[in-house]
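Asker: Input: one structure, supplied below.
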Ligand SMILES: Nc1ncnc2c1ncn2[C@@H]1O[C@H](COP(=O)(O)OP(=O)(O)OP(=O)(O)O)[C@@H](O)[C@H]1O
Ligand SMILES: [Mg+2]
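Numbering (our numbering), first residue to last: 1 to 317.
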């Protein structure tokens with residue numbers, strides 16, 4: 001295990017003119033990340049992802065709980081932990097008026113890397129930044145800045161990299177490109193812990209993940225395990241009388257959920273269940289507007305565990 005955390009907790013207290021406000025950002029999180037895997041923390045805005053990562057990166061102290069990161073205790077040996085990890089924050093941390101080369105060389109020097117200039121040149125080439133290396137940071141595009149931020153996190157070749165929402169704000173092409181780079185890091189033996197609120201990112205990129213909500217882990221496993229746990233397939237129906245349809249179909253489904261104006265019917269084998277469901281609706285005079293059959297997604301897992309859809313939690317995709 002490269003990360004093993006138990007019972008992590010963090011409460012923030014803020015004082016303002018309206019009085020003291022307390023936020024329980026992380027409420028008892030357990031995490032086990034294996035060597036060499038891409039591990040995801042998936043959850044909506046405010047779920048506690050950044051706070052969890054910052055505790056594991058020794059940037060803030062937990063109120064309770066323990067964590068061993070890359071062989072060292074975050075509370076007792078923070079310096080040893082920091083030496084072993086790279087941390088790329090949600091906002092990036094690329095300087096506006098400094099060139100990527102200067103910034104990366106400086107970071108290499110701070111980390112005590114033997115030949116800082118040579119290491120900077122190497123990582124700039126690795127991340128295909130060599131052509132932009134000498135321009136001021138503020139002339140780079142969002143995707144280019146993200147790559148510089150990742151180069152800064154990797155400059156001392158850490159065995160463990162933390163990426164807090166690495167692809168937020170990137171266009172689909174830059175996202176796919178970054179996913180490939182993260183996979184390449186895994187191939188080279190780097191363990192990656194990343195947070196995301198994108199369901200497809202967690203599904204496509206992560207070997208294992210936890211789903212967090214309101215500071216707690218609500219589900220964990222491989223994407224396939226999580227989806228299997230919820231159900232095999234989902235039949236999504238659009239019709240007028242959702243309540244009646246739910247009553248009629250309930251005996252024939254593993255689970256049924258009303259989600260806005262949709263009815264989601266969870267069945268073991270969608271292909272074979274579909275004709276029977278259609279017959280039942282027709283026999284009961286329920287007119288159907290549309291129907292689709294999908295394999296379960298991580299959003300179905302989130303819905304099953306929290307009663308809400310991750311798509312409806314204020315996160316725009
Ligand atoms: N320094 C702080 N002071 C007070 N409250 C904080 C602080 N940092 C985080 N919080 C609160 O803790 C909760 C969890 O925040 P956190 O940043 O960990 O969420 P997140 O899952 O990373 O969300 P996002 O997807 O928006 O980045 C939120 O309610 C947030 O407002
Ligand atoms: Mg965050």
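Think of the CB as a built atom: it goes at the ideal place given N, C-alpha and C, for glycine as much as any other residue.
Mind the definition here: the region 139 to 156 touches the region 68 to 81 only if three or more C-beta pairs lie below 8 Å; say whether that holds.
Answerer: Not touching, per the Cβ criterion.
Asker: What does residue 3 pair with, by DSSP beta-bridge criteria?
Answerer: Translated into positions along the chain shown, residue 3 becomes position 3. DSSP lists 33 and 69 as partners of residue 3.
Asker: Taking 8 Å as the cut-off, decide whether the C-beta atoms of residue 290 and residue 259 are in contact.
Answerer: Residue numbering aside, residue 290 sits at position 290 when the chain shown is read from its first letter. Residue numbering aside, residue 259 sits at position 259 when the chain shown is read from its first letter. For residue 290 and residue 259, no; Cβs fall outside 8 Å.
Asker: Specify which residues have a beta carbon nearer than 7 Å to any heavy atom of ligand 2, listing them in chain order.
Answerer: Here the residues come out as 49, 50, 90, 164, 165 and 195.
Asker: Taking the CB atoms as reference points, tell me whether residue 74 and residue 67 lie closer together than 8 Å.
Answerer: As a first step, residue 74 is located in the chain shown; it is residue number 74 there, counting from the start. As a first step, residue 67 is located in the chain shown; it is residue number 67 there, counting from the start. Against a cut-off of 8 Å, the Cβ pair of residue 67 and residue 74 comes out as a contact.
Asker: Rounded to a whole number of angstroms, what is the C-alpha to C-alpha distance between residue 57 and residue 144?
Answerer: Walking along the chain shown from the start, residue 57 turns up at place 57. Walking along the chain shown from the start, residue 144 turns up at place 144. Using only the alpha carbons, I get a separation of about 24 Å.
Asker: Along the chain, where does the alpha helix (DSSP H) that runs through residue 51 open and close?
Answerer: Within the chain shown, residue 51 is the residue found at index 51, counting from 1. Element bounds for residue 51: 49 to 56.
Asker: Helix, strand or coil: which one does DSSP assign to residue 306?
Answerer: Residue numbering aside, residue 306 sits at position 306 when the chain shown is read from its first letter. If DSSP states are grouped into helix, strand and coil, residue 306 belongs with the helices.
Asker: At the level of alpha carbons, what is the spacing between residue 304 and residue 204?
Answerer: Counted from its first residue, the chain shown places residue 304 at position 304. Counted from its first residue, the chain shown places residue 204 at position 204. Cα to Cα, the separation comes out at about 20 Å.
Asker: Going by beta-carbon coordinates alone, are residue 233 and residue 296 separated by less than 8 Å?
Answerer: Looking up residue 233 in the chain shown gives position 233. Looking up residue 296 in the chain shown gives position 296. Yes; because the gap between Cβ atoms is below 8 Å, this pair is in contact.
Asker: Start and end of the beta strand (DSSP E) containing residue 42?
Answerer: Residue mapping note: residue 42 aligns to position 42 of the chain shown, counting from 1. 38 to 42 is the extent of the beta strand (DSSP E) around residue 42.
Asker: State yes or no: is the C-beta of residue 125 nearer than 7 Å to some heavy atom of ligand 4?
Answerer: Ligands in the displayed structure: ligand 1 and ligand 2; ligand 4 is not one of them.
Asker: Shorter than 7 Å, the distance from the beta carbon of residue 14 to the closest heavy atom of ligand 1, or not?
Answerer: Residue 14 sits at position 14 when you count from the first residue of the chain shown. Yes, Cβ of residue 14 sits closer than 7 Å to a heavy atom of ligand 1.
Asker: Quick check on residue 256: does DSSP put it in helix, strand or coil?
Answerer: Here residue 256 is taken as the residue at index 256 of the chain shown, counted from 1. If DSSP states are grouped into helix, strand and coil, residue 256 belongs with the strands.
Asker: CB of residue 43 to nearest heavy atom of ligand 1: below 7 Å?
Answerer: Within the chain shown, numbered from 1, the residue matching residue 43 stands at position 43. Checking the Cβ of residue 43 against ligand 1 gives yes.
Asker: Based on DSSP bridge pairs, tell me the residues matched to residue 221.
Answerer: Along the chain shown, read from residue 1 onward, the residue named residue 221 stands at position 221. Looking at the DSSP assignment, residue 221 forms a beta bridge with 209.
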